[in-house]
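The block underneath contains the structure these notes are about, expressed in structure tokens.
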Amino acid sequence: MAGLAPSSVPAFAAALHEPCLPMSVASVAALRTAGSGRRRGAGSQQTGLNGGRFLMMQRRELVTKAGIALAVSCSMATSPASANGAAQGLEILPFKADGYNFWTWRGRRIHYVEQGAGRPVVLIHGFGASAFHWRYNIPELAKKYKVYAIDLLGFGWSEKALVDYEATIWMEQVSDFLREIVKEPAVLVGNSLGGFTTLFTATEVPELVRGVVLLNSAGQFADPNKPAAAPAEEEEGGSALSRCT
Numbered sequence: 001m002a003g004l005a006p007s008s009v010p011a012f013a014a015a016l017h018e019p020c021l022p023m024s025v026a027s028v029a030a031l032r033t034a035g036s037g038r039r040r041g042a043g044s045q046q047t048g049l050n051g052g053r054f055l056m057m058q059r060r061e062l063v064t065k066a067g068i069a070l071a072v073s074c075s076m077a078t079s080p081a082s083a084n085g086a087a088q089g090l091e092i093l094p095f096k097a098d099g100y101n102f103w104t105w106r107g108r109r110i111h112y113v114e115q116g117a118g119r120p121v122v123l124i125h126g127f128g129a130s131a132f133h134w135r136y137n138i139p140e141l142a143k144k145y146k147v148y149a150i151d152l153l154g155f156g157w158s159e160k161a162l163v164d165y166e167a168t169i170w171m172e173q174v175s176d177f178l179r180e181i182v183k184e185p186a187v188l189v190g191n192s193l194g195g196f197t198t199l200f201t202a203t204e205v206p207e208l209v210r211g212v213v214l215l216n217s218a219g220q221f222a223d224p225n226k227p228a229a230a231p232a233e234e235e236e237g238g239s240a241l242s243r244c245t
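Mapped onto UniProt numbering, the consecutive letters of the sequence shown carry residue numbers 1 to 245.
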């Protein structure tokens, strides 16, 4: 980068990090102009030391013009798409003062989305996700149902509490959410970690769960230090799925 003028460094750096579509005609023309300058500089090399300095200046000019042309091309090609992509989520799930809510659970701030009217459906996201994971589903489901999408403790806009995170804490969070916020039996829809939380909740408080929907559900959490249960014990206890059907 030492050969670039300070004013051209941001443009060139941006060009290196932006995905590019084919360059425009103007960009190609700028590169050709820079290339012709380089060829003229090569001819001047015969003049000795001054010619060498002139060639170095021409090379710097070539890199500068190439960087600027590439940056302009990338900006023209990608900026509208990037802007549209960023706005798409807000168009699908626009911010509504009465749709984004916070609930205090055991002294912790919990975020959830609430939209629509009708029988309640509670959407529970997976590991590393949030209520926004359901941005395409909420508007459609809200046409017929009262939809809740909750951020589990430690995710999304919910508080990042310094606690030992394990399956029971999220099951208890969802159970209390059904009691205190939904206030009637609901269908639980869970993805990944949310799928396991859905099953766990259904087995613990079946009176609050009308049904469950599992999307690529995670399995039960296992303690690596605990010996595996014998087959007879597994059959006696039954699976979470068998206990909630």
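Where is the CB? At the ideal position from N, CA and C, for every residue including glycine. As the structure is a computational prediction, the values presented were derived from the model and not from experiment.
As computed with DSSP, residue 186 is found in a beta bridge with 209. Bounds of the alpha helix (DSSP H) holding residue 200 are 193-204.
With at least 16 other beta carbons inside 10 angstroms of its own, residue 120 counts as buried. Excluding the 5 residues flanking it on each side, residue 110 has same chain C-beta neighbours closer than 6 Å at 103 and 158, in chain order. Each residue's CA atom was taken as its position, placing residue 152 and residue 117 some 23 Å apart. Approximately 5 Å separates the beta-carbon atoms of residue 194 and residue 126; this is inside 8 Å, confirming the contact. Only exposed fits residue 162, as fewer than 16 other CB atoms lie within 10 angstroms of its CB. Beta-carbon to beta-carbon, residue 174 and residue 124 are separated by about 7 Å, close enough to satisfy the 8 Å threshold. Looking at the DSSP output, residue 121 sits in a beta bridge with 147 and 187. Beta-bridge pairing by DSSP links residue 108 to 105. Collapsing the DSSP output to three states places residue 174 in a helix. The residue from 198, 197, 186 and 192 with its alpha-carbon nearest to that of residue 216 is 192.
Secondary structure at residue 114: strand, using DSSP grouped into helix, strand and coil. In chain order, 112, 113, 114, 120, 121, 122, 123, 177, 181, 182 and 186 place their CB closer than 8 Å to the CB of residue 148, counting only its own chain and leaving out the 5 sequence neighbours on each side. In the DSSP assignment, residue 225 falls outside any alpha helix (DSSP H) and carries neither an H nor an E. Closest option to residue 145, judged by alpha-carbon separation, among 196, 189 and 154: 189.
For residue 137, the uninterrupted alpha helix (DSSP H) segment begins and ends at 137-141. Listed as beta-bridge partners of residue 215 by DSSP are 191. Take the alpha-carbon of residue 227 and the one of residue 210: they are about 35 Å apart. Going by beta carbons, residue 132 and residue 154 fall outside the 8 Å limit. In this structure, residue 202 and residue 213 do not form a Cβ contact; the two beta carbons are roughly 11 Å apart against a cut-off of 8 Å. Close CB contacts of residue 207 within its chain, under the 8 Å cut and outside five residues either way in sequence, are with 185 (chain order).
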